[in-house]
Amino acid sequence: MEKKKALKGSLNKKIKFIAAVLLIILAAAVYVVKNGNKGVEVEVYTVENSAVNDVYKESGVVKSGDKYHIIAKTSGSINEVLVSENTPVKAGDVLVRIDTRDLQYQKDLKNSSIEANMAKKEESDVNKVMATAPIEYINTLRQNVASAEAALNAARNDYQAKQALFDSGAVSNLELEASKSSYESSNAAYESANTRLSQSSTYLESLKKEGLTEKDINKKFYESTQKQLDAAIAADQTSIEQLDRQIADCEVKAEYDGVVLSVAAKDISMVSAGQELAVISTDAHGQYKVETDVLTDVIPYLNVGDPAEIEFDMRGTKKTVSGKISEIYDFANEEKSALGLKEYRVKVLVALDENTSDDIIKDGYGVNVKFNLYNNENVAAVPIGAVFKYDEKDYVFKIVDKKAVMSPVNIDYKSGTQAVISSGLDVGDVVITNSDNEDLEDGVRVRIKKS
Numbered sequence: 001m002e003k004k005k006a007l008k009g010s011l012n013k014k015i016k017f018i019a020a021v022l023l024i025i026l027a028a029a030v031y032v033v034k035n036g037n038k039g040v041e042v043e044v045y046t047v048e049n050s051a052v053n054d055v056y057k058e059s060g061v062v063k064s065g066d067k068y069h070i071i072a073k074t075s076g077s078i079n080e081v082l083v084s085e086n087t088p089v090k091a092g093d094v095l096v097r098i099d100t101r102d103l104q105y106q107k108d109l110k111n112s113s114i115e116a117n118m119a120k121k122e123e124s125d126v127n128k129v130m131a132t133a134p135i136e137y138i139n140t141l142r143q144n145v146a147s148a149e150a151a152l153n154a155a156r157n158d159y160q161a162k163q164a165l166f167d168s169g170a171v172s173n174l175e176l177e178a179s180k181s182s183y184e185s186s187n188a189a190y191e192s193a194n195t196r197l198s199q200s201s202t203y204l205e206s207l208k209k210e211g212l213t214e215k216d217i218n219k220k221f222y223e224s225t226q227k228q229l230d231a232a233i234a235a236d237q238t239s240i241e242q243l244d245r246q247i248a249d250c251e252v253k254a255e256y257d258g259v260v261l262s263v264a265a266k267d268i269s270m271v272s273a274g275q276e277l278a279v280i281s282t283d284a285h286g287q288y289k290v291e292t293d294v295l296t297d298v299i300p301y302l303n304v305g306d307p308a309e310i311e312f313d314m315r316g317t318k319k320t321v322s323g324k325i326s327e328i329y330d331f332a333n334e335e336k337s338a339l340g341l342k343e344y345r346v347k348v349l350v351a352l353d354e355n356t357s358d359d360i361i362k363d364g365y366g367v368n369v370k371f372n373l374y375n376n377e378n379v380a381a382v383p384i385g386a387v388f389k390y391d392e393k394d395y396v397f398k399i400v401d402k403k404a405v406m407s408p409v410n411i412d413y414k415s416g417t418q419a420v421i422s423s424g425l426d427v428g429d430v431v432i433t434n435s436d437n438e439d440l441e442d443g444v445r446v447r448i449k450k451s
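Residues in the sequence shown are numbered consecutively from 1, following the UniProt record's numbering.
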């Protein structure tokens, strides 16, 4: 009986042991199965050849040829504007006429001054021949000054009276201008006579102090007078030449053939020297250009001669014309983005095709410019998120035997969404697209995220 009990107890122990071993094996199997399915969850992309076309779009403005600004070379009131916007002009055509009356009046004064000095020069020659004493000549000059002063006072009073009458409407503007002209002419004659008297008197006193004989004094005095008069005449002649040039400049002319783009002169009555009167395009009916500012990151992918598309709205309908890059500036300008961030842009000019009609597009139109940065119909490309930098080189994670393997690649081009791989990957390779996952490292076990 006891033997049976002992046998039974031994059997129970064996069963319990076997059961425990089976439980351990089962737990180990479950652990292996469970851990076999564990790993970093990743998103993947299978490499294949496909077409990659990357386009960059930027806003721009249509420009019609080179522009030059017509600037007034003289001041005055505008008499006549002979052109308007979009008027074709030839070199030498008169665009604007400026009033010449004030300049002509100044020229008349200078001519009168020359005539007066010529008369004084003849008088001096006569006095020299007749051996008139210098003191007598100076007395004559004093009389001339007195006469000129009397004439000036009379002209001034008349002008002041005319101003009062003009303000009350009793006299016309023409009468007022005539009185003003007489006053200014009298004032110029008085100043000239007074200056001549002062200079002659001073010079005579200086000659007397030198202790010269009366004969030598006479000779030097009249020689000095002649020189003064010659200098005054020469100065007036120079002034007349300058006035002639200013009068000629009152006819503002086109310097080149072209088309008038804007006419500021039509909105003003008076113009000052240096003020803009009009803007002319020298090639408005030739090849149009589009001017746009491109980010510096894009410039390396653009070249002169590359094609471009220009898009714009025309009466609510989208239109597209083609062109080619004609110029890329060699410097960048600092600008602010729409978010207020600092950015650098380079000016690029696109020449529109010569068959672009004036009826389709005009100077100043706002357009969108599309540049084709990359175009290849059969390349291996991966999502941009698959590529990462390590030690200044480009890598991707390839999945090999359920593990992430760092693999170096060479990149031909990067867009905002794709990277074109020139070497390092083959068609059919599976790469991890979320390479920025912090749990990823070379050799780590991974599992593909179910879609």
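All residues carry an ideal CB built from backbone N, CA and C; glycine is no exception.
These numbers were taken from a predicted model, which means no experiment stands behind them.
9 Å Cβ cutoff met for residue i and residue j
i, j, result
"V420", "I432", "no"
"E276", "A72", "yes"
"G60", "I310", "yes"
"L302", "F371", "yes"
"P307", "S322", "yes"
"V52", "N437", "no"
"Y365", "F312", "yes"
"Y45", "P383", "yes"
"residue 535", "G385", "This structure leaves residue 535 out entirely; the chain is present only between 1 and 451."
"K289", "V350", "yes"
"A148", "S186", "yes"
Residue i in three-state terms, based on DSSP
i, result
"T202", "helix"
"S407", "strand"
"Y395", "strand"
"L440", "coil"
"V260", "strand"
"I268", "coil"
"L339", "coil"
"G385", "helix"
"K402", "coil"
"Y288", "coil"
"N127", "Note on N127: pLDDT 46, under 50, position unreliable in the model; no value is reported."
"A164", "helix"
"D236", "helix"
Limits of the unbroken beta strand (DSSP E) element including residue i
i, result
"V304", "That residue, V304, is in no beta strand (DSSP E); it is neither H nor E in DSSP."
"S84", "Taken as a continuous stretch (DSSP letters only), S84 belongs to no beta strand (DSSP E), as it is neither H nor E."
"R97", "94-98"
"G415", "In the sequence under discussion, the amino acid at residue 415 is Ser, which differs from the Gly named in the question. S415 -> no beta strand (DSSP E), and no H or E assigned at all."
"T296", "No beta strand (DSSP E) holds T296; DSSP gives it neither H nor E."
"T320", "317-336"
"L352", "342-352"
"residue 491", "Nothing about residue 491 can be reported from this structure: the residues present for the chain run from 1 to 451 only."
"residue 454", "Outside the shown range of the chain (1 to 451) lies residue 454, about which nothing can therefore be said."
"V446", "446-448"
"K389", "388-390"
"V42", "40-42"
DSSP beta-bridge partners of residue i
i, result
"V47", "In DSSP, V47 forms no bridge with anything."
"I71", "E276"
"S59", "N368"
"A148", "Beta-bridge pairing links A148 to no other residue."
"S281", "K67, V259"
>> Can you confirm whether the stretch 150-161 touches the stretch 100-118 when touching is taken to mean that 3 or more C-beta pairs between the two stretches lie within less than 8 Å?
In response: no
>> Would the stretch 390-397 count as touching the stretch 66-84 if we require 3 or more Cβ pairs under 8 Å?
In response: no
> Hey, is the stretch 51-60 in contact with the stretch 265-275, meaning 3+ C-beta pairs nearer than 8 Å?
Replying inline: no
> If we count Cβ pairs, one from each stretch, closer than 8 Å, do we get three or more for the stretch 313-325 versus the stretch 76-88?
Replying inline: no
> Per the contact definition of three or more C-beta pairs closer than 8 Å, is the stretch 136-148 in contact with the stretch 186-203?
Replying inline: yes
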